[in-house]
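Using my numbering, read the sequence shown as starting at -9 and increasing by one per residue.
All C-beta atoms in this analysis are idealised placements derived from N, C-alpha and C, irrespective of residue type, glycine included.
Note that this is a predicted model, so its numbers are computed, not measured.
Here is the structure we will look at.
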Amino acid sequence: MTLEPNIAIGLTVVFLLLVAGVLVWKGASMVKYFGKTMFEAKRAQVATEDIELRQRQRQTAAAGSQDGLSEAEKTERVAGVFHSVAESYDRMNDLMSFGWHRIWKDHFVRSLNPGSSPARASSPPAAQHILDVAGGTGDIAFRLLHHAHVVNRNPDVRVTITDINGSMLAVGAQRAAAQLPASQQAALSFLEWDATRPFPAPAPAPAPAPAPAPAPASSPNSTHQTGAFGSTTTSTGIAANSIDLYTVAFGIRNFSSVRAGLAEAYRVLKPGGVFACLEFSRVDEASLPVLGPLLAGAYARWSFGAIPLIGQLAAGDRDSYQYLVESIARFPPQEEFRAMIEEAGFVVGGKGYENLTGGIAAIHKGLKPL
């Protein structure tokens, strides 16, 4: 049975408190496991790092640059991080979210219901083109395709995965070839691109070629278009007003300019199209007056004290995972990000976001007006 994310808040709080208790009262055994010198040094630095992080956050430019970096410098830094972590990224997401990212992603896709039929039961399911941004490893795209093709029985839904990082896309292409049925592979394409820049227009369809001569019986005929990522379709571009659903999960915080990314999402979506974002966010202490501060403190301790160390031990890369943790802390809180979505031109209904697991993550949606 699948737990809804918000129902699971209590279980997560208990688990986080147990982790915090282990770190405080059983520190000796944890230190022995992870390495005494490294762990104790990191634990002593957590409070100082939090102060320094808040200072850097106040210095961050309104356009979305981080650590005082220019957009070009941030783009280069992010590319380096994700080249480094491509093979272990999903595993580290498990560590960063205690495995809850899988439940959040399932809930996110169910809430979007891709491939659903129109309100009129007599109407056939509508074709949809979904753009999954920063989706290199395919975690969201595969769920979208499964929900549309299998749950809603709509084979006319296709997904383009776009990512700034070719290493992440290569992992996604390998996983698609290994995990997806042929019908879903045929509905999937890949595009290496920076989503804060205008997407290139699709290449015009080539003129019909003359009929080829009959192939010899011994010559195999490929049934797949081979692109930059193996036996997968490589997209040539995205036209304005062409996308039905724009998704980005755990990626927008790494954009060199969040505002530029939102503007480009608005441009490529059709009128009536939906922008949907799943991202790490802020624990909502106000709605959890007793448990909220405990949850926020335990999660911060885990994030800054343990994740970079585990990244070093498990992947040999402390700096990349330190960056990933800090990028979460720097991302705008829920109300501020909702305002940015509205400023980009989207219509935001109600509160505009849904907190998951007490606000550790949140879903934001916006509608492009007709």
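Validate contact between the stretch 234 to 242 and the stretch 261 to 274 using beta carbons, cut 8 Å, 3 pairs: Yes: at least three Cβ pairs fall under 8 Å.
- prompt: Which residues in the same chain have their Cβ closer than 6 Å to the Cβ of N142, if we skip the five residues on either side of it in sequence?
  reply: Here the question's residue 142 lines up with position 152 in the sequence shown. G105 and S106.
query: On the three-pair Cβ rule with 8 Å, is the stretch 162 to 178 touching the stretch 110 to 130?
result: Touching, yes.
- request: Tell me whether the beta-carbon of P190 lies closer than 7 Å to the beta-carbon of G227.
  value: For the purposes of this step, residue 190 is taken as residue 200 along the sequence shown, with counting starting at 1. For the purposes of this step, residue 227 is taken as residue 237 along the sequence shown, with counting starting at 1. Yes, these two residues count as a Cβ contact at 7 Å.
V337 burial status per 10 Å Cβ neighbour count (16 or more: buried): What you label residue 337 is simply residue 347 of the sequence shown in a count that begins at 1. Exposed, because fewer than 16 other Cβ atoms sit within 10 Å of the Cβ of V337.
message: Buried or exposed for R291, going by 16 or more other Cβ atoms inside 10 Å?
response: What you label residue 291 is simply residue 301 of the sequence shown in a count that begins at 1. Buried, because 16 or more other Cβ atoms sit within 10 Å of the Cβ of R291.
query: Quick one: Cα of Q175 to Cα of N155, how far?
result: Numbered from 1 along the sequence shown, position 185 holds the residue referred to as residue 175. Numbered from 1 along the sequence shown, position 165 holds the residue referred to as residue 155. So the alpha carbons of these two residues sit roughly 20 Å apart.
task: Can you say whether E333 is buried or exposed, counting buried as having 16 or more other CB atoms within 10 angstroms of its CB?
output: Within the sequence shown, residue 333 is the residue found at index 343, counting from 1. Exposed: under 16 other Cβ atoms inside 10 Å.
field: One or two residues paired with N345 in a DSSP bridge
entry: If you number the sequence shown from 1, residue 345 lands on position 355. Answer by DSSP bridge pairing, in chain order: A352.
query: Hey, out of I331, P359, V161 and H91, whose CA is closest to V248's CA?
result: By one-based count along the sequence shown, residue 248 stands at place 258. Here the closest residue by C-alpha is I331.
- request: Give me whichever residues DSSP pairs with E269 in a beta bridge.
  value: The sequence position of residue 269 within the sequence shown is 279, counting from 1. BP columns for E269 point to A352.
query: Between the Cα of P322 and the Cα atoms of Y79, A286, G263 and R243, which residue gives the shortest distance?
result: Along the sequence shown, one-based indexing puts residue 322 at 332. Nearest of Y79, A286, G263 and R243 to P322, Cα basis: R243.
query: Taking just the CA atoms, how far does Y313 sit from V264?
result: Within the sequence shown, residue 264 is the residue found at index 274, counting from 1. Within the sequence shown, residue 313 is the residue found at index 323, counting from 1. Approximately 30 Å, taken between the alpha carbons.
message: Threshold first: 4 residues or longer. Then list the alpha helix (DSSP H) segments lying entirely within the stretch 295 to 336, N to C.
response: 297 to 305, 308 to 320 and 324 to 333
query: Any idea what DSSP makes of I228, helix, strand or coil?
result: For the purposes of this step, residue 228 is taken as the residue at position 238 of the sequence shown. It is coil, neither helix nor strand.
message: With the cut-off set at 7 Å, would you say V123 and A185 are in Cβ contact?
response: As a first step, residue 123 is located in the sequence shown; it is residue number 133 there, counting from the start. As a first step, residue 185 is located in the sequence shown; it is residue number 195 there, counting from the start. It is a contact, given that the beta carbons lie within the stated cut-off.
- request: In the DSSP assignment, find the unbroken alpha helix (DSSP H) run with H139 in it and report its ends.
  value: Taking the first residue of the sequence shown as 1, we reach residue 139 at position 149. Premise fails: H139 is in no alpha helix (DSSP H) and is neither H nor E.
query: Residues in its own chain within less than 8 Å of K22 by CB, not counting five upstream and five downstream?
result: In the sequence shown, the residue the question calls residue 22 occupies position 32. Per-residue confidence for K22 stands at a pLDDT of 41, beneath the threshold of 50, marking its modelled position as unreliable; the derived number appears in the next sentence. Result list for K22: empty, nothing under 8 Å.
- prompt: Would you call P298 buried or exposed, if buried means 16 or more other Cβ atoms sit within 10 Å of its Cβ?
  reply: Residue 298 sits at position 308 when you count from the first residue of the sequence shown. Buried, by the Cβ-count rule.
query: When burial is assigned at 16 or more other CB atoms within 10 Å of the CB, is N103 buried or exposed?
result: On the sequence shown, position 113 is the one that residue 103 refers to. Exposed: under 16 other Cβ atoms inside 10 Å.
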